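Protein chains in written order, with my numbering: chain A, 28 to 220; chain B, 28 to 220.
Number of protein chains: 2
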Amino acid sequence: MNTGSKAHEIMIAAKKMIQTSGYNGFSFRDLSREIGIKSASIHYHFPTKGDLAVAVATAYREGFSETLLDLENGAATTQQALQKYAALFQKTLDTDQRICLCGMLASETESLPEKVRMETIRFFEEQEQWLAKMLSKGIIAGELPADTNVTASAKLILSTLEGAMIIVRNTGRRNDFSTVSDQLFTLISGPKI
Amino acid sequence: MNTGSKAHEIMIAAKKMIQTSGYNGFSFRDLSREIGIKSASIHYHFPTKGDLAVAVATAYREGFSETLLDLENGAATTQQALQKYAALFQKTLDTDQRICLCGMLASETESLPEKVRMETIRFFEEQEQWLAKMLSKGIIAGELPADTNVTASAKLILSTLEGAMIIVRNTGRRNDFSTVSDQLFTLISGPKI
DNA sequence: AACAAACTATCTATCAATAGATAGACATCA
DNA sequence: TGATGTCTATCTATTGATAGATAGTTTGTT
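Following this line, the structure appears as structure tokens:
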């Protein structure tokens, strides 16, 4: 898909709206006003709201995976990788008070078309897998305790970051995101020798 | 307020709907069908949707505080208290696939009337305070490391549990909630001596 | 005790606004 | 010409909310 195309422009705007107001909180008419075309034209590119959400969630998930590859390549240690990972979410928060797209959609899971939910599930799985990989590397490198429960810790990190975004956005306490993530990574890295 | 009253009945039904579908995901007409009165009658008791949400969130927050008092009195150790605390959220998940009311509302913070948001903020503050109190007790009792950052850990616990609920509900992986909370409490309690 | 007034709680009917979605017309471009 | 992408017009359905009618209950007065 050509990133200069109108469909792409629609998806960018939709991503922002979903991250800000959620699936039930945005409409095609909101989008049409933002972009400057009529809502019927949005239907041309994305026949239903669910189609749009699937496309946005898929693009988000795939884009995130690519970002994680880059991140992984640029991090010398697991701690660095985790810090950079958390920084992705922090950056989202600092951008128009957004939260993770899939976290936002997940909170509305009862309202989601099944295909959208499939995408969010997949997103979470991919995050956990990546985090587990980073943690395993950290164990092998001696950065983390040898008895670290990698699977549980990966799930813990993801839950924490998603939850922290929601709370921080609600309360406006901007420092709390890093307070929480730093504390978590300190605990995970184990006792200082 | 008489718990047998219609207003109370409305609030019980509204609580469930918000916990399941969120603020934007339920309507007065959904409620009216559930309860068996017309939506105009709900307006009689709660003039606006925001009024209803404020009342539900306030009742939830106050009820939660009372529950925490009982919980605290029945726990011999901080670990027990934390486990019981997590069990509250687990129980919510196990009930109609609900999540924490204030967590759900918080995810829709952009759509909330300000008074509702004030309630969720207050809820989170109260949770953090209670958790910090438990953690402090645990340090004094020698259950937790003396250098535990109480404030950060309290925020961490809350973020984790809220995030885990959202992810678990989305993915349907029922065991993950306790996987995450157990791992967190293990980390917080520090190294086995 | 009887009655009227006030209160409570429900209803019908309705409104304005919005939302997802559709069909066909139209203009541009390859 | 056919494909693409936008538009107008419209539809059904829903939503939060309002005004006034109605019925039952409670309170106050005689």
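Here a beta-carbon is modelled for each residue, glycine too, at the ideal position from N, C-alpha and C.
None of these values were measured; they are calculated from a predicted model.
| Query | Result |
| --- | --- |
| Chain-ordered chain A contacts of residue 207(B) [CB-CB under 9 Å] | 179, 182, 183, 185, 186 and 187 |
| Segment contact, 8 Å Cβ cut-off, at least three pairs: the region 68 to 75 of chain B with the region 114 to 121 of chain B | no |
| Whole-angstrom C-beta distance between residue 176(A) and residue 210(B), which should lie under 8 Å | 6 Å |
| Separation of residue 165(B) from residue 199(B), as counted between CA atoms | 33 Å |
| Counted within 10 angstroms of its Cβ, other Cβ atoms place residue 186(A) as buried (16 or more) or exposed | buried |
| Own chain, CB closer than 7 Å to residue 76(B), minus 5 neighbours either side, in chain order | 55 |
| Inter-residue spacing [alpha-carbon to alpha-carbon] between residue 87(B) and residue 179(A) | 30 Å |
| Distance between beta carbons of residue 65(A) and residue 203(B), contact taken as under 8 Å | With a Cβ gap of about 43 Å, residue 203(B) and residue 65(A) do not count as contacting. |
| Per-residue DSSP class, three states only, for residue 197(B) | helix |
| Three-state secondary structure assigned by DSSP to residue 87(B) | helix |
| C-alpha distance - residue 208(A) paired with residue 188(A), whole-angstrom precision | 7 Å |
| Proximal residues of chain A, C-beta to C-beta of residue 131(B) below 8 Å | 134 |
| Assumed close pair residue 102(B), residue 143(B) - CB separation to whole angstroms, cut-off 8 Å | The pair is not a contact, with the Cβ atoms about 31 Å apart (cut-off 8 Å). |
| Alpha carbon of residue 53(A) to alpha carbon of residue 131(B), nearest angstrom | 17 Å |
| Sequence-distant residues of the same chain with beta carbon closer than 6 Å to residue 9(A), five excluded per side | In this structure chain A extends from 28 to 220, so residue 9(A) is not present and cannot be described. |
| Chain B contacts made by the region 133 to 164 of chain A, where a contact means CB separation under 7 Å | 133, 134, 135, 136, 137, 138, 144, 147, 148 and 151 |
| Through-space distance from residue 155(B) to residue 148(B), alpha-carbon basis | 11 Å |
| Residue 75(B) - DSSP class collapsed to helix/strand/coil | coil |
| The alpha helix (DSSP H) enclosing residue 209(B), as first and last residue numbers | 203 to 215 |
| Interface flag, residue 107(A) vs chain B, CB-CB below 8 Å | no |
| Rounded Cβ spacing between residue 80(B) and residue 140(B) (contact assumed at less than 8 Å) | 7 Å |
| Which listed residue (128(A), 192(A) and 109(A)) has its alpha carbon closest to that of residue 40(A) | 128(A) |
| Euclidean distance between Cα positions of residue 226(A) and residue 174(B) | Because chain A here runs from 28 to 220, residue 226(A) falls outside it and cannot be looked at. |
| Counted within 10 angstroms of its Cβ, other Cβ atoms place residue 32(B) as buried (16 or more) or exposed | exposed |
| DSSP three-state assignment for residue 28(A), whether helix, strand or coil | In this prediction, residue 28(A) has a pLDDT of 46, which is less than 50 and means its spatial position is unreliable; nothing more can be read from the coordinates. |
| Unbroken alpha helix (DSSP H) run spanning residue 132(A), endpoints | 128 to 134 |
| Proximity below 8 Å, CB of residue 151(B) to CB of residue 194(A) | yes |
| Own chain residues within Cβ distance below 7 Å of residue 78(A), not counting five before or after | none |
| Start and end residues, alpha helix (DSSP H) containing residue 112(B) | 105 to 121 |
| Among 215(B), 36(B), 205(B) and 44(B), the one whose alpha carbon lies nearest that of residue 163(B) | 215(B) |
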